[in-house]
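Trainee:
There are 2 protein chains.
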Amino acid sequence: MSKVLIIGAGGVGQVVVHKCAQRRDIFSEITLASRTKAKCDAIAAQLGGSIATAQVDADNVPELVALIKKEQPKLVINVALPYQDLTIMDACLETGVDYLDTANYEPKDTAKFEYSWQWAYQERFKDAGLMALLGSGFDPGVTNVYTALAAKKYLDEVQEIDIIDANAGSHGQPFATNFNPEINIREVTAPCRHWENGQWVETGALATKRSFDFPDGIGPMNIYRMYHEEMESIVKHIPTIRKAQFWMTFSDNYLKHLEVLQNVGMTRIDEVEFQGQKIVPIQFLKALLPDPGSLGPLTKGKTCIGVIARGLKDGKRKQVYIYNICDHEACYREVGSQAISYTTGVPAVVGAIMMLTGTWHAPGVWNMEQFDPELFLEVLGPMGLPEVVVEGEWPEL
Amino acid sequence: MSKVLIIGAGGVGQVVVHKCAQRRDIFSEITLASRTKAKCDAIAAQLGGSIATAQVDADNVPELVALIKKEQPKLVINVALPYQDLTIMDACLETGVDYLDTANYEPKDTAKFEYSWQWAYQERFKDAGLMALLGSGFDPGVTNVYTALAAKKYLDEVQEIDIIDANAGSHGQPFATNFNPEINIREVTAPCRHWENGQWVETGALATKRSFDFPDGIGPMNIYRMYHEEMESIVKHIPTIRKAQFWMTFSDNYLKHLEVLQNVGMTRIDEVEFQGQKIVPIQFLKALLPDPGSLGPLTKGKTCIGVIARGLKDGKRKQVYIYNICDHEACYREVGSQAISYTTGVPAVVGAIMMLTGTWHAPGVWNMEQFDPELFLEVLGPMGLPEVVVEGEWPEL
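Residue numbers (full-length UniProt numbering), protein chains in the order written: chain A, 1 to 397; chain B, 1 to 397.
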C-alpha cells in the first residue's frame, strides 16, 4: 500500500492514473501533478475526484523537491516531457524517492537520443539506496522485456532483433500525431541508426523502407527503419545481439505531410526571429495541430508492437516473434485514451507495481531487460497488454 | 520630365526602379520609399546611387502625406502590399498627386478580392482633377489591355475570354513562392469564381483542372481555374463578355505543399494565440520560406501569360490568342529580378509613362481596359514585353 506521485497530465498520464486507480491494493494514494493543474483536475474528475492533484514546473528542481517533500510518495512516475527526466531524477535523489520513466532524456535543442545522461546517475542512485527504472513504456519498455524473454526462454543466444511498431489505426484527420507532435516529429526526422557488428550504422531518416505482413488480420504495411532508444540499452545488456533494427509504420499521407513540413522549415527545433520574438517552429506547429488527446474518440483500428528475435537454440537457427495487439476503441472505452497512450501508460504502471512490490527492486539505474521478464509479463497481460508468442520464419528485413 | 515616388522595395519595386532609370527622358527624378529604408538603399546602390530613398510606413496616412509633400512627385507608383492601396490613395488625394498601382486593395484579415473599395474613390479623384490607374501590372494590367486589343482590333464582339498564366520556369527549391508568399497563398487558397452569363459562379479553390499546350516550346502544362481580379473590371467595362475564366499553372509539387500547409493550418490568415502573443500563421510561414528576392539568380525557364479571346468577327466565330513570353534569366541579367517581378514591374512603368505623357490621362479612377490598348502596347514591347498575336482555334477550357 503505497503513495505514488505521477508527473505529467498528457495522454499517457491519463492512462497511468486510470490504471493505478484500478489497483488500489498497490496504489493506496495517487497524486497527479503537471504544469497546468487544470489538466490534472480534469483527469481527477473522470475518477470522481479520488486522486489528488498539484501544480509543478518539472523543469524546476526546487519546485519538484518541495512537491515531493510535501506529498512523500514512495515512487515518482515521470510521464512528463523527455526534457524533464534529469530535473525529476535530481529531485528524487534529493528527497530519497524511487524514480520511473517511459522515455529517455533528450536535450531540448538537439534531437540526440542516448542514455548517457541518465546512466551517469548510476552511482548516485546506488549510493543513496534508490532505484531508477528507465523506459518502462512499450517501446522502450515492453520491447526490452520481449527481447529478454526471447533470451531467457526461447533462444540460447539472441543474435538479431527487429523491433516492429505498427499503428494500423486511423484517426481520420488530414494530419495529426498520435502523441506530442514535437516529440513525435523530432524522433522521426532524426537520422536513422541501427546496430550491426558492434557499431552503430547511420543512414538517412526513414530512408530504408520494407513491407511487413502483420498478424491478426492487419496484413502488409510499409515499415521504415529509424533509431529508437531501446536498442542502445538492449545491445549493451544482451551483448550476443549483433544486429538490432527498429521499424515503424507510416502512411504515405503522414510522410507527405512530414516531407512538406520539413521542406518549409516547420519541423525546425532551433529558434527563429519573428516579430521581435524567438519562436521554435515545431512548437508553433504543435499549437496548430489537433491536440493528440482529442483524437482518442476518433481513432479506430489496432496497434501491433513486437520483436522478432533470431538466433540459436540447441545449435540451430530459430526465430520467435513476440507481440501485442491493442485496439484503439477498446482502450478508449476503458480509460478515455487511444492505444498509443494506453500501450505506453500501462507498462509504466506495471513497472511501478514491480518496484513497489519489491519484485524488481535494486539500488541503481536500470533498464527493463535487466530484470526477469516473466515476472513483468505475468502482470502486464492481466492489466490489458497480453503477449502473443509465435515461433516460425520471417524474411530478413 | 517628371519626378516619381515609388512606394515598395520588393522584387517588383526593384524592377520599377530599374526600368524608370532607363527612361530618364520621362522620369527625371526617382525616389524609392519603403518601411525598411535599407531595402531601398540596396536597390539605389545597384543604380550607383542615382535615385533618392526614404522611409515610410505605408499603413500610415499622415506619414505618407508628409513624405509626398516633401518629395512633391508628379505621380506615386504603389508597389507596396495590396493592404496599403487605400492609405496611399488617401494620401494622394490629400496632396493632389496622381496614383498608380498593380494589385487591387484587399483587407488584411479576409481574402476578399474586389474593386469596390477602390472604385468608391471615383468621385473624389474626379472632383480633385486627379487620376488613379488601377492594376497596371501584368495580370491585372496587360491582360486587360490584351482583352481591349482583341475587342478593338480582332473581334467585333468579345464573348468569352480565358486568361492563362503559366510559369514554366523553376527555381529548384523544394517550396518557395515567386512573390510575397502571404499574397500568393491567400490568392490560390481562396474559392474560385468565374463569370458566366451575367453572374459569378463559385467553385472550390483550384478544383477545376485542365491541360493547355503552351507556345514557344513550353508544351502542355496543367492549369487550374482560380479567381483573379482583372475579370471583375473587364466584364464590367466590356459587357459583351458572357464568360471569363482565369487559369494558372501549378506544379504537382507546389500543390502538394499547399495542401499540407492548409491541412496543418499554416495558411490561416487569422490570429492564433501562441506563447502569449497573437501570431498569423501565414505570416510566420512567410518568415520561414525563402525570400522571393533570393530566387532571382536561381530561376530558369519562361513565363507565358496571355488571353484567348473568342467571339464574332464579321458575323463569324473567331478566336485570337494574345500572349507574352518572358525569360527568367534574361530578366535577371537586365534588372536583377526574375520574370514574375519583371512582368509586373514593367507594365507599371509603362502605365506611368502613359499617365505622365498625357497619353492616357483623365480625372477619376480607371482600369486598364478603359484606355486605348494600342498606345500602351507600342511602349510595352520596346520596354521588354512584346506581345504575340495568333489567330486560330483552341479547345474550350
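Glycine is no exception: its CB is placed at the ideal position from the N, C-alpha and C atoms. This one's a predicted model, so the numbers in the text were calculated from it and none came from an experiment.
Helix or strand or just coil, what does DSSP make of A:D85?
Mentor: DSSP places A:D85 in helix when its eight states are reduced to three.
Trainee: Relative to the C-alpha of B:F27, which residue among B:D109, B:E63, B:V4 and B:G217 is closest?
Mentor: Of the listed residues, the one whose Cα sits closest to B:F27 is B:V4.
Trainee: Contact criterion: CB-CB distance below 9 angstroms. Does A:G265 meet it with respect to chain B?
Mentor: True, the Cβ-Cβ gap to chain B drops below 9 angstroms.
Trainee: Skipping 5 residues on each side, what residues in its chain have a beta carbon closer than 8 angstroms to that of B:S211?
Mentor: The residues are P220, M221, N222 and I223.
Trainee: Classify B:S34 as helix, strand or coil using the three-state DSSP reduction.
Mentor: Strand at B:S34.
Trainee: Check each residue of the stretch 277–307 of chain B: if its Cβ is closer than 9 angstroms to any Cβ of chain A, include it; give the result in chain order.
Mentor: From the stretch 277–307 of chain B, only Q277, I279, P281, Q283, F284, L285, A287, L288 and L289 have a Cβ closer than 9 angstroms to chain A.
Trainee: Start and end of the beta strand (DSSP E) containing residue 407 of chain B?
Mentor: Residue 407 of chain B cannot be examined here, being either before or after the span of chain B that is shown, 1 to 397.
Trainee: On the CB-based measure, 16 or more other CB atoms within 10 Å of its CB, does A:Q277 come out buried or exposed?
Mentor: The residue is exposed, with fewer than 16 neighbouring Cβ atoms inside 10 Å.
Trainee: Jot down the residue ranges of each uninterrupted alpha helix (DSSP H) in the stretch 210–296 of chain A, minimum 4 residues, whole runs only, in chain order.
Mentor: Correct list: 230–237, 252–263 and 281–288.
Trainee: Output, in chain order, the set of chain A residues within a Cβ distance shorter than 8 angstroms of B:H257.
Mentor: Going along chain A in sequence order, the residues near B:H257 (Cβ under 8 angstroms) are V260, N263 and V264.
Trainee: Got a sec: is the Cβ-Cβ distance from B:Q338 to anything in chain E below 9 angstroms?
Mentor: Of the protein chains in the structure, A and B, none is chain E.
Trainee: Answer with yes or no whether the minimum CB distance from B:E271 to chain A is below 9 angstroms.
Mentor: It does not: the Cβ of B:E271 has no partner Cβ on chain A nearer than 9 angstroms.
Trainee: Helix, strand or coil: which one does DSSP assign to B:E396?
Mentor: Three-state DSSP puts B:E396 in coil, outside helix and strand.
Trainee: Just checking, does the stretch 72–81 of chain B make contact with the stretch 36–53 of chain B on the three C-beta pairs under 8 angstroms criterion?
Mentor: The answer is no - the stretch 36–53 of chain B does not touch the stretch 72–81 of chain B, with fewer than three Cβ pairs under 8 angstroms.
Trainee: Use the C-beta contact count for A:E396: other C-beta atoms within 10 angstroms, 16 or more gives buried, fewer gives exposed.
Mentor: Exposed, because fewer than 16 other Cβ atoms sit within 10 Å of the Cβ of A:E396.
Trainee: The stretch 175–188 of chain B: which residues have C-beta closer than 8 angstroms to a C-beta of chain A, in chain order?
Mentor: Here the close residues are F175.
Trainee: Considering only their Cβ atoms, is the gap separating B:V15 from B:V346 smaller than 9 angstroms?
Mentor: Contact: yes.
Trainee: Three-state secondary structure (DSSP) at B:D372?
Mentor: Coil at B:D372, not helix or strand.
Trainee: Rounded C-beta distance between B:L375 and B:M354? I'm assuming under 8 angstroms.
Mentor: Correct: roughly 7 angstroms between the Cβ atoms.
Trainee: Whose C-beta lies closer than 7 angstroms to the C-beta of A:P290 among residues of the same chain, with five residues either side of it excluded?
Mentor: Taken in chain order, the residues that qualify are Q173 and A176.
Trainee: Could you please give me the residues that DSSP links to A:G137 through a beta bridge?
Mentor: DSSP lists A:G141 as partners of A:G137.
Trainee: Can you tell me whether B:S50 is helix, strand or coil according to DSSP?
Mentor: DSSP places B:S50 in coil when its eight states are reduced to three.
Trainee: Got a sec? Which residues, its chain only, sit under 6 angstroms from B:K39 by beta carbon, not counting five neighbours each side?
Mentor: The residues are A9.
Trainee: Where does B:L298 fall in DSSP's three states?
Mentor: In the structure shown, B:L298 sits in a helix (DSSP, three-state: H, G or I).
Trainee: Grouping DSSP H, G and I as helix and E and B as strand, with all else coil, what is A:T102?
Mentor: In the structure shown, A:T102 sits in coil (DSSP, three-state: anything other than H, G, I, E or B).
Trainee: Does any C-beta atom of chain A lie closer than 9 angstroms to the C-beta of B:R268?
Mentor: Yes - at least one Cβ of chain A is within 9 angstroms of the one on B:R268.
Trainee: Tell me whether the stretch 178–196 of chain B and the stretch 306–326 of chain B touch, counting them as touching only if at least three CB pairs, one residue from each stretch, are closer than 8 angstroms.
Mentor: Not touching, per the Cβ criterion.
Trainee: Quick one: is B:F274 near chain A, going by C-beta distance under 9 angstroms?
Mentor: Answer yes: the Cβ-Cβ gap between B:F274 and chain A drops below 9 angstroms somewhere.
Trainee: May I ask you to report which of helix, strand or coil DSSP gives A:L312?
Mentor: Strand.
Trainee: Would you list the one or two residues that DSSP bridges to A:N78?
Mentor: Answer by DSSP bridge pairing, in chain order: A:I7 and A:D101.
Trainee: Specify the secondary structure class of A:A166 as computed by DSSP and reduced to three states.
Mentor: Strand.
Trainee: In angstroms with no decimal places, state the Cα-to-Cα distance between A:K318 and A:F284.
Mentor: Distance between the alpha carbons of A:K318 and A:F284: 48 angstroms.
Trainee: Is the separation between the beta-carbon of B:V307 and that of B:I164 shorter than 9 angstroms?
Mentor: For B:V307 and B:I164, yes; Cβs fall inside 9 angstroms.
Trainee: Compare the Cα-Cα distances from B:V97 to each of B:F214, B:D252, B:K69 and B:R24 and report the closest residue.
Mentor: When only C-alpha atoms are compared, the closest one is B:K69.
Trainee: Can you list, in chain order, the residues of its chain whose CB lies under 8 angstroms from that of B:T208, leaving out five sequence neighbours each side?
Mentor: Answer for B:T208: C192, Y224 and R225, listed in chain order.
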